[in-house]
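Residues in the sequence shown are numbered from 34 upward in steps of one, following our numbering.
One structure below.
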Amino acid sequence: WTYYRPLLEGDEVTATKELIGVDDRTGAYAGRSLMQTREFLYHNQHGELVARCHMAAVRTERHAGKEKGKYADIPKARYTDKQIADIDAATGAEIVRGATPRYWEDTSVGDAMQPIVRGPLTVADMIAWMQGIGSPHVRSGQYWLAYRRQSPKVAVKDPETGIPQAVERVHWDPFMAAEIGMPGPYDYGSQRGAWATHFMTNWAGDDAWVADVYAQYRGMNFIGDTVWIKGNVLEKWRGAKTGTGYVKCSVQGVNQRGTVIMPGHAIVALPSRGNPLPPFPLDHEQDTPK
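Structural data, given as structure tokens:
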């Protein structure tokens with residue numbers, strides 16, 4: 034994600050999506066797959082570019098994943114009361130910097146960032162996520178029927194009951210997840226991307242601008258899994274055109290098994306003492322370092 038300007042109260046946003054690349058590849062999960070790259074552009078009512086997202090997604094034949102069994106031996110997450118208490122304590126201790134400015138001059142390469150924890154992931158989390166983003170695939174009654182008639186392949190027939198179900202059912206139904214070779218339901222990858230952005234805005238504070246967030250979704254975050262997100266400052270520089278102070282930070286999500294399921298990084302524009310951020314749009318790619 035690259036962010037150029039904020040959304041203000043009353044703004045109206047128009048989104049467009051374009052398929053910009055398809056690569057044929059072979060993977061361990063299901064053999065042959067297609068890497069589909071899409072570009073999403075978001076403009077406000079003035080025609081100004083607000084944000085851009087490049088998203089790559091792997092498309093596979095779902096039943097091929099069951100045959101190969103890449104994830105079949107991953108055990109279901111289990112916790113002691115003490116472990117849950119520790120996770121709750123870490124969640125409750127999350128620091129949101131907010132109105133306290135984080136100045137560029139006070140930030141050094143190598144600085145560690147306050148970790149955050151997300152989980153254990155539950156079906157309720159998935160419901161809350163769907164309520165927030167509004168999936169086109171989850172509908173009911175006549176709306177579900179009309180959608181299936183318009184796009185027949187959006188539904189998958191439950192082999193146990195014969196009922197046509199949303200393809201996204203794998204995210205909350207153990208039976209349908211098992212049908213594609215998963216040990217249980219799993220997250221939407223974009224949830225992890227949102228957590229990476231939470232991590233960065235927590236750290237940056239209100240006077241900064243999170244300009245770019247890059248995250249890879251590796252493997253699955255299964256129901257019951259917990260993810261700790263941590264990072265540190267990798268680089269800092271001033272923009273050649275505006276003199277804006279930028280920092281690049283690592284972002285890494287690690288689950289309770291010690292597996293990195295979200296490597297990434299982010300770029301933040303930080304204020305300087307006596308020198309707030311320049312007017313928007315803020316384009317860190319054009320404001321090249323000296």
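Glycine residues also receive a C-beta, built at the ideal position from the N, C-alpha and C atoms.
So what's residue i in DSSP terms, helix, strand or just coil?
i    : result
P326 : Examination of residue 326 is not possible in this model, given that the chain is present from 34 through 323 alone.
E212 : helix
F232 : helix
Y112 : coil
G272 : strand
A157 : helix
M68  : strand
D144 : coil
Q183 : helix
S168 : coil
Y221 : coil
T321 : coil
L267 : strand
T124 : helix
G98  : helix
Whose C-alpha, out of the options, is nearest the C-alpha of residue i?
i    : options                : result
G226 : M215, N254, D240, T113 : N254
A48  : Q319, R130, L74        : L74
E45  : V83, G54, N235, T59    : V83
A61  : D158, G214, A210, Y136 : G214
V280 : R290, L267, S223       : L267
V260 : F313, T321, A110       : A110
C282 : Y221, W205, Q116, M146 : M146
L89  : R290, E318, Q69, V243  : One point to set straight first is that residue 89 is Ala, not Leu, in the sequence displayed. Cα-wise, what sits closest to A89 is Q69.
T124 : H76, P153, P312, V284  : P153
P311 : K115, A241, A179       : A241
R130 : R182, A237, G174       : A237
P134 : H76, L178, A302, P314  : A302
Between residue i and residue j, is the Cβ-Cβ spacing less than 8 Å?
i    : j    : result
R251 : V293 : yes
T140 : K263 : no
G297 : Y247 : yes
Y219 : I166 : no
P304 : W137 : yes
F232 : I149 : yes
D316 : T277 : no
R38  : E72  : no
P216 : I107 : yes
D144 : N265 : yes
H170 : V200 : yes
V156 : W205 : yes
Who does residue i pair with in a DSSP beta bridge?
i    : result
H327 : Since the first residue of the chain shown is 34 and the last is 323, residue 327 is not available in this structure.
F73  : K50, C86
S305 : N308
V129 : The partner list for V129 (beta bridge, DSSP) is empty, contrary to what the question assumes.
Y36  : A84
Which residue marks the beginning of the beta strand (DSSP E) containing residue i, and which one marks its end?
i    : result
K263 : 260-263
R92  : 82-93
D239 : Looking at the DSSP string, D239 is not in any beta strand (DSSP E), and its letter there is neither H nor E.
D372 : Residue numbering for the chain in the displayed model covers 34 to 323; residue 372 lies beyond these limits and cannot be assessed.
A199 : 197-199
R151 : 149-151
V189 : 188-190
By the DSSP assignment, the alpha helix (DSSP H) with residue i in it spans what residues?
i    : result
G217 : Here G217 belongs to no alpha helix (DSSP H), and DSSP marks it neither H nor E.
Cβ-heavy atom distance between residue i and the ligand ATP below 7 Å?
i    : result
I128 : Summarising the ligand content, the structure contains no ligands, and the ligand ATP is consequently not present.
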